[in-house]
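In the order they appear, the protein sequences are chains Z and S.
Residue 617 in the numbering used here is what sits at position 617 of the first sequence, and the numbering runs on without skipping anything.
In the numbering used here, each residue's number is its place in the second sequence (first place is 1) plus 669.
Beta carbons are placed, not taken as given, at the ideal position from N, Cα and C, and that holds for glycine.
This report concerns only the one structure given below.
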Amino acid sequence: MPVEALFEISEPGQSRVKEACKGRAIGIDLGTTNSLVAAVQAGQPVCLRDAGTGDAILPSVVHYGGDGTVVVGADARDRLAPLDPHDTIASVKRFMGRGPGDAEATRRLTPYRFAPAAAGDPVVRFAVAGGARAVTPIEVSSEILKVLRARAEQELGGELGGAVITVPAYFDDGQRQATRDAGRLAGLEVLRLINEPTAAALAYGLDKGAEGTFAVFDLGGGTFDVSILKLEGGVFEVKSTGGDSALGGDDFDRAIAHHLLQKLGLPDDAGGDARLARRALDAARAVKEALTTAERADATLVTGTNGSPHTSTVTLTRAEMEALVQPVLDRCATPVRRALKDAGLEAAALSGVILVGGATRMPLVQRFVGGLFGRAPLADIDPDQVVALGAAVQADILAGDGVRDDVLLLDVVPLSLGLETMGGVVEKLVPRNSTIPCGATQTFTTYADKQTGFDLHVVQGEREMVAECRSLARFKLTGVPPMPAGMARLEVTFLVDADGLLHVSAREDTTGKETSIQVKPSYGLTDEEVERMLLDSFAHAEDDVKARLLTEQRVEAERIASAARAAMADSPELLTDADKSAIAAAMAKLDQVKVGTDHGAIRAAIAELDVASKDFAGRRMNRALESGLRGRGLAEVEAKVSETESKQDLETRMSGAGHGHPHSGHTHR
Amino acid sequence: MICWSCERATSAGGECAACGAIQPPDAKADYFAVFGVARRYDVDFADLEARYREQSRKLHPDRFAKADPRARRASLQRSVQLNEAWRTLKDPFKRAEYLLSLSGVTLAKEVPPALLMETLELREELAEARAAGDDGRVQTMARAMRTRVEAAMQAVASGLVSGDLPRVAGELIALRYYRRFMDEVALHDDTVAEAAPPSAEMRGP
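So, in structure tokens, the structure goes:
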């Protein structure tokens with residue numbers, strides 16, 4: 001942080017030239033059931049197909065073999081999942097950013113085995129490869145992304161110019177961070193996360209030249225989103241969004257599977273038998289799909305033990321199946337109503353309703369949407385591909401080589417962001433459906449005499465009590481001098497960047513004591529974890545990774561040293577003799593290790609320089625603040641914005657140095 | 670200030686006249702100035718919205734994804750300011766509050782006791798109706814409250830035009846309470862709708 005601050009206020013002059021974009025940027029729809037990759041070719045977004053099978057769709061299913069092999073896609077789903085249910089992870093998206101206590105990880109009817117959670121471990125882990133490995137949802141997702149990345153590299157010929165990955169609009173900050181981490185882990189430069197309904201509207205709107213206000217109803221395998229967008233003159237402005245990040249076709253399957261098991265006189269949790277659970281869920285999915293066109297279909301299920309297999313059949317009519325899933329579908333109604341209300345619209349004012357997601361193929365869902373909006377939804381759209389196509393368009397725009405420089409997406413924060421205050425009550429700083437990027441600053445005070453610290457607890461959600469919201473992060477601001485209650489003034493600033501990710505900083509006004517974090521929820525990965533996983537991964541030879549880490553640390557060392565030199569030259573009057581000798585010693589050390597090959601040593605030396613220059617940086621920052629940067633609330637927000645942005649600059653720039661993203665480039669750990 | 674790009678004199682909140690580079694926001698500019706419109710309550714909404722789109726197109730970080738870091742920083746800051754300005758000015762209630770604060774009038778922390786008593790009673794009555802599941806009574810109360818909100822907004826609008834700021838301040842305080850009441854009505858509507866899913870009607874007999 002202090003070196004960042006140094007850099008932040010160093011005079012312009014040493015411009016950091018970004019490396020030229022190396023290749024085409026891609027858009028990825030990382031779906032619960034299926035994933036796709038698309039790119040803009042000859043001005044049009046197209047989905048890229050597997051060279052062998054010719055399929056655009058990659059089933060989001062990952063199998064971990066006992067011999068260390070990883071199989072992703074149709075083979076994992078169709079051949080391996082029934083044999084090895086424990087070792088085959090489907091619908092991993094529903095576990096992203098979720099903890100062991102979440103509903104998803106505690107279902108009774110489940111084919112998975114979870115690794116025992118250590119006390120306080122916030123991350124779910126699947127026990128796979130016959131129990132030999134424990135993998136996180138981030139790692140599983142990265143396997144899917146690696147396959148898509150390899151496909152894109154093959155189809156587009158060589159290195160990629162970055163990727164836009166889509167997420168459900170209703171994903172919270174933890175789920176977004178987890179998705180970004182999965183991209184990093186797959187060696188992708190993640191240019192942006194964009195919301196799935198927004199991506200769909202972008203592809204649809206550009207393709208059809210549509211203008212007006214549209215609703216996007218996106219019911220996928222695992223998540224439900226509804227967004228209201230205004231399309232005008234190439235600007236796609238999201239007015240409101242709503243949804244449920246644990247509602248989708250999988251829940252239909254589960255409802256049908258419960259019914260099948262009951263009909264066969266079996267316990268509806270399959271008695272803890274993973275194979276039976278997998279078969280019941282697969283049979284449910286098959287019969288649901290058959291009933292999209294047929295009025296009546298048979299679900300076949302192999303039951304019994306290995307010794308005496310027995311095939312049972314249950315016949316379902318479409319009406320029976322619809323009655324089973326209706327209660328699940330009904331849960332879509334409230335988010336739709338709320339989104340319309342937040343947009344200040346009646347359904348009749350819409351120009352159209354766009355359907356996205358495989359589950360919207362069901363006649364029942366189409367009737368339901370028709371009833372909800374009072375109109376038949378638009379049908380001239382491929383609900384499977386449209387999200388990936390929109391992501392490709394946005395990737396093309398961000399990579400700067402697009403022709404569509406008239407197009408702009410304006411998206412929103414899906415859930416309110418706030419802080420815990422006295423009594424477990426949430427104080428909202430950023431209300432839901434605020435257009436991003438956005439910021440807010442609020443002042444809090446102490447409630448006890450001689451209180452010397454603040455515990456900050458960042459939460460996300462609409463409820464008034466902290467216990468009912470999602471906890472995103474906790475951090476402390478300490479070292480506040482003892483004062484009577486109510487005297488200390490804590491100014492907290494939230495910044496939501498263009499990715500929808502939250503950054504928080506806090507400052508105690510009477511002392512100028514500051515702290516800041518990018519909200520890195522416990523569900524995300526630390527830089528060290530990403531580094532370790534990269535080292536472990538099969539796709540990267542160890543030497544490659546080390547070489548990349550080394551290059552990046554050298555670039556970082558160079559940058560930090562020159563920022564420090566510039567700052568010292570700029571304000572020598574703020575340097576004490578002690579500062580000078582400490583900084584000189586740290587710089588000498590850095591120069592020495594920089595020519596070596598140990599990236600860890602370089603990083604340690606950077607950290608030492610960071611510590612040595614801390615006081616000096618603090619004085620420079622204070623002076624800069626005193627000399628006019630301090631204004632009203634917004635000015636403060638902007639000062640924080642600058643800090644955050646300078647970190648982001650660093651991230652993006654560093655990822656240009658290689659094709660991976662081994663760590664975020666923050667110098668302060 | 671000095672342009673970060675060409676190092677010639679320029680001003681915040683726009684583009685450098687000499688080299689065209691985006692500049693950081695002018696922290697002293699009010700939200701009306703951000704849009705380049707006159708500081709008044711009765712704004713032309715369609716015009717304001719068109720300006721918002723136009724400015725967004727120019728300032729959004731997507732436009733600067735591969736630009737110099739200082740341009741990207743300026744773009745992020747300008748976009749944050751623009752979005753905050755838009756959020757404030759597009760809502761008549763927030764716009765009125767903001768205009769009042771620009772005139773140096775801050776809403777009093779102390780609420781007139783009569784208003785407090787009345788709204789407390791209304792909230793209690795609403796809570797009773799909700800507890801009794803009496804949707805009809807809730808809707809009747811909501812209609813009455815909507816009429817009051819409209820009247821208060823009318824008074825705010827004319828007060829801002831005539832310059833009767835104490836009156837505006839009084840109405841805005843009352844409106845805060847009215848809005849909280851309407852929030853609870855919205856909560857009630859959600860609960861009622863959830864209890865009776867739309868499919869119940871759709872499926873028919």
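Reference Asp210 of chain Z; option with closest CA among Z:Val425, Z:Ala299, Z:Val407, Z:Val328
Taking the first sequence and counting its residues from 1, one reaches residue 210 of chain Z at position 210. According to the sequence shown, residue 210 of chain Z is Ala rather than Asp. Cα-wise, what sits closest to Ala210 of chain Z is Z:Val407.
Counting only the same chain and skipping the five closest in sequence on each side, list residues whose C-beta sits under 6 Å from that of Val135 of chain Z.
Residue mapping note: residue 135 of chain Z aligns to position 135 of the first sequence, counting from 1. Excluding positions up to five away in sequence, the list reads Phe126, Val128.
Where Cys332 of chain Z falls, given that 16 or more other Cβ within 10 Å makes a residue buried
Taking the first residue of the first sequence as position 1, residue 332 of chain Z is located at position 332. By the 10 Å Cβ count, Cys332 of chain Z comes out buried.
Looking at C-beta atoms only, is the number of pairs between the stretch 323–342 of chain Z and the stretch 182–189 of chain Z that lie closer than 8 Å three or more?
Too few Cβ pairs lie closer than 8 Å, so no.
Taking the alpha helix (DSSP H) that Gly358 of chain Z falls in, what are its first and last residues?
Here residue 358 of chain Z is taken as the residue at index 358 of the first sequence, counted from 1. Unbroken run through Gly358 of chain Z: none, as it is neither H nor E.
9 Å is my cut-off, CB to CB: does Ser240 of chain Z come that close to chain S?
As a first step, residue 240 of chain Z must be located in the first sequence, where it is residue number 240. The beta carbon of Ser240 of chain Z does not come within 9 Å of any beta carbon belonging to chain S, so the residue lies off that interface.
Start-to-end residues for the alpha helix (DSSP H) that takes in Gly222 of chain Z:
Here residue 222 of chain Z refers to the residue found at position 222 of the first sequence. Here Gly222 of chain Z belongs to no alpha helix (DSSP H), and DSSP marks it neither H nor E.
For chain S, find out if any of its Cβ atoms is closer than 9 Å to the Cβ of Val641 of chain Z; answer yes or no.
Walking along the first sequence from the start, residue 641 of chain Z turns up at place 641. Unreliable positioning characterises Val641 of chain Z in this predicted model, as indicated by a pLDDT of 46, which lies under 50. A coordinate reading is not provided.
Can the beta-carbon of Arg176 of chain Z be found less than 9 Å from the beta-carbon of Ser240 of chain Z?
As a position in the first sequence, residue 176 of chain Z is number 176, starting the count at 1. As a position in the first sequence, residue 240 of chain Z is number 240, starting the count at 1. Taking 9 Å as the Cβ cut-off, Arg176 of chain Z and Ser240 of chain Z do not qualify as a contacting pair.
If you run the structure through DSSP and keep just helix, strand and coil, what is Thr33 of chain Z?
The count along the first sequence starts at 1 and reaches residue 33 of chain Z at position 33. Three-state result, Thr33 of chain Z: coil.
Check whether the Cβ atoms of Pro82 of chain Z and Arg367 of chain Z lie closer than 9 Å to each other.
Taking the first residue of the first sequence as position 1, residue 82 of chain Z is located at position 82. Taking the first residue of the first sequence as position 1, residue 367 of chain Z is located at position 367. Not closer than 9 Å, so no.
At which residues does the alpha helix (DSSP H) containing Glu573 of chain Z begin and terminate?
Residue mapping note: residue 573 of chain Z aligns to position 573 of the first sequence, counting from 1. From DSSP, Glu573 of chain Z is part of no alpha helix (DSSP H); its letter is neither H nor E.
Quick one: measure Cβ to Cβ for Leu670 of chain Z and Ile57 of chain Z, integer angstroms, because I've assumed they're closer than 8 Å.
There is no way to answer for residue 670 of chain Z, as the model of chain Z reaches only from 1 to 669.
Put Cys675 of chain S into one of helix, strand or coil per three-state DSSP.
In the second sequence, residue 675 of chain S corresponds to position 6, counting from 1. Per DSSP, reduced to three states, the secondary structure at Cys675 of chain S is coil, with no helix or strand assignment.
CA nearest to the CA of Pro482 of chain Z, picked from Z:Leu456, Z:Gln451, Z:Arg474
Start at 1 with the first residue of the first sequence, and residue 482 of chain Z comes out as number 482. Comparing Cα-Cα distances from Pro482 of chain Z to each of Z:Leu456, Z:Gln451, Z:Arg474, the minimum goes to Z:Gln451.
Pick out whichever of Z:Leu372, Z:Ile602, Z:Arg285, Z:Glu491 has its Cα sitting closest to the Cα of Glu346 of chain Z.
Within the first sequence, residue 346 of chain Z is the residue found at index 346, counting from 1. Answer by Cα proximity: Z:Leu372.
Taking Cβ positions only, does Gly249 of chain Z come closer than 9 Å to chain S?
Taking the first residue of the first sequence as position 1, residue 249 of chain Z is located at position 249. Residue contact check for Gly249 of chain Z against chain S: no CB pair falls below 9 Å.
Here's the rule I'm using: 16 or more other beta-carbon atoms within 10 Å means buried, otherwise exposed. How should Thr443 of chain Z be labelled?
To locate residue 443 of chain Z, count along the first sequence from 1; it is residue 443. By the neighbour-count criterion, in which a residue is buried when 16 or more other Cβ atoms sit within 10 angstroms of its Cβ, Thr443 of chain Z is exposed.
By a C-beta neighbour count over all protein chains shown, 10 Å radius and 16 as the cutoff for buried, is Pro781 of chain S buried or exposed?
On the second sequence, position 112 is the one that residue 781 of chain S refers to. Under a 10 Å Cβ-count criterion, Pro781 of chain S is classified as exposed, with fewer than 16 other Cβ atoms of the shown protein chains found around its own Cβ.
Looking at the structure shown, is Ser581 of chain Z part of a helix, part of a strand, or coil, going by DSSP?
Walking along the first sequence from the start, residue 581 of chain Z turns up at place 581. Ser581 of chain Z falls in the helix class under three-state DSSP.
How big is the Cα-Cα spacing for Leu534 of chain Z and Val71 of chain Z?
Translated into the one-based positions of the first sequence, residue 534 of chain Z becomes position 534. Translated into the one-based positions of the first sequence, residue 71 of chain Z becomes position 71. In this predicted model, Leu534 of chain Z has a pLDDT of only 48, less than 50, meaning its place in the structure is not dependable enough to derive any value.
Give me, in chain order, the residues of the same chain whose beta-carbon lies closer than 8 Å to that of Met814 of chain S; leave out the 5 immediate sequence neighbours on both sides.
What you label residue 814 of chain S is simply residue 145 of the second sequence in a count that begins at 1. Cβ neighbours of Met814 of chain S beyond the five flanking positions: Leu791, Tyr847, Phe850, Met851, Val854.
Of all Cβ atoms in chain Z, is any one closer than 9 Å to the Cβ of His729 of chain S?
Reading the second sequence from its first residue, position 60 is the one you call residue 729 of chain S. Yes, His729 of chain S lies at the interface with chain Z (some Cβ there is under 9 Å from its Cβ).
Rounded to the nearest angstrom, how far is the Cβ of Ala758 of chain S from that of Arg708 of chain S, given a contact under 8 Å?
For this step, residue 758 of chain S is matched to residue 89 along the second sequence. For this step, residue 708 of chain S is matched to residue 39 along the second sequence. This sequence places Leu at residue 758 of chain S; Ala is not what is there. That pair is no contact at about 10 Å.
Can you determine whether any heavy atom of the ligand PLP sits closer than 8 Å to the C-beta of Leu609 of chain Z, and answer yes or no?
Within the structure as shown, the ligand PLP is missing, as the structure has no ligands at all.
Might you give, ordered along the chain, the residues of its own chain that have their beta carbon closer than 7 Å to the beta carbon of Glu468 of chain Z, omitting 5 neighbours on each side?
The sequence position of residue 468 of chain Z within the first sequence is 468, counting from 1. Excluding residues within five positions, the ones whose Cβ falls inside 7 Å are Gly461.
Between the CA atoms of Arg296 of chain Z and His258 of chain Z - distance to the nearest angstrom:
Reading the first sequence from its first residue, position 258 is the one you call residue 258 of chain Z. Reading the first sequence from its first residue, position 296 is the one you call residue 296 of chain Z. Cα-Cα distance, rounded: 19 Å.
Below 8 Å on the Cβ atoms is my contact criterion, and I expect Gly400 of chain Z with Ala734 of chain S to pass it. Report the Cβ-Cβ distance as a whole number of Å.
Residue mapping note: residue 400 of chain Z aligns to position 400 of the first sequence, counting from 1. Residue mapping note: residue 734 of chain S aligns to position 65 of the second sequence, counting from 1. Contact holds; Cβ gap of about 6 Å.
Which same chain residues, not among the five before or five after Ala388 of chain Z, have their C-beta less than 6 Å away from its C-beta?
Taking the first residue of the first sequence as 1, we reach residue 388 of chain Z at position 388. For Ala388 of chain Z, where only same-chain residues beyond five positions count, the Cβ hits under 6 Å are Gly27, Asp29, Leu36, Ala38, Cys47.
Please state whether the Cβ-Cβ distance between Ala343 of chain Z and Ile165 of chain Z is less than 9 Å.
By 1-based counting over the first sequence, the position of residue 343 of chain Z is 343. By 1-based counting over the first sequence, the position of residue 165 of chain Z is 165. Against a cut-off of 9 Å, the Cβ pair of Ile165 of chain Z and Ala343 of chain Z comes out as no contact.
Could you check if Gly628 of chain Z is buried or exposed, using at least 16 other CB atoms within 10 Å of its CB as the buried criterion?
Here the question's residue 628 of chain Z lines up with position 628 in the first sequence. For Gly628 of chain Z, the predicted structure reports a pLDDT of 43, less than 50, and the residue's modelled location is therefore unreliable. A value from the coordinates is still provided. With fewer than 16 other Cβ atoms from the protein chains shown falling within 10 Å of its own Cβ, Gly628 of chain Z counts as exposed.
Neighbour flag for Ala448 of chain Z against chain S, beta carbons, 9 Å
Here residue 448 of chain Z corresponds to residue number 448 of the first sequence, with the count starting at 1. No, Ala448 of chain Z lies away from the interface with chain S (no Cβ there is under 9 Å from its Cβ).
Beta-carbon proximity check, Gly242 of chain Z vs Asp253 of chain Z, cutoff 9 Å:
Taking the first residue of the first sequence as position 1, residue 242 of chain Z is located at position 242. Taking the first residue of the first sequence as position 1, residue 253 of chain Z is located at position 253. At the C-beta level, Gly242 of chain Z and Asp253 of chain Z stay beyond 9 Å of one another.
Does Leu745 of chain S come within less than 9 Å of chain Z when only Cβ atoms are used?
On the second sequence, position 76 is the one that residue 745 of chain S refers to. Contact of Leu745 of chain S with chain Z is assigned, a C-beta pair being separated by under 9 Å.
Rounded Cβ spacing between Ala201 of chain Z and Leu231 of chain Z (contact assumed at less than 8 Å):
Counted from its first residue, the first sequence places residue 201 of chain Z at position 201. Counted from its first residue, the first sequence places residue 231 of chain Z at position 231. About 7 Å separates the two Cβ atoms, so the contact holds.
Can you pull out the residues from the stretch 380–401 of chain Z whose beta carbon lies closer than 7 Å to at least one beta carbon of chain S?
Of all residues in the stretch 380–401 of chain Z, those with a C-beta nearer than 7 Å to a C-beta of chain S are Ile397, Leu398, Gly400, reading in chain order.
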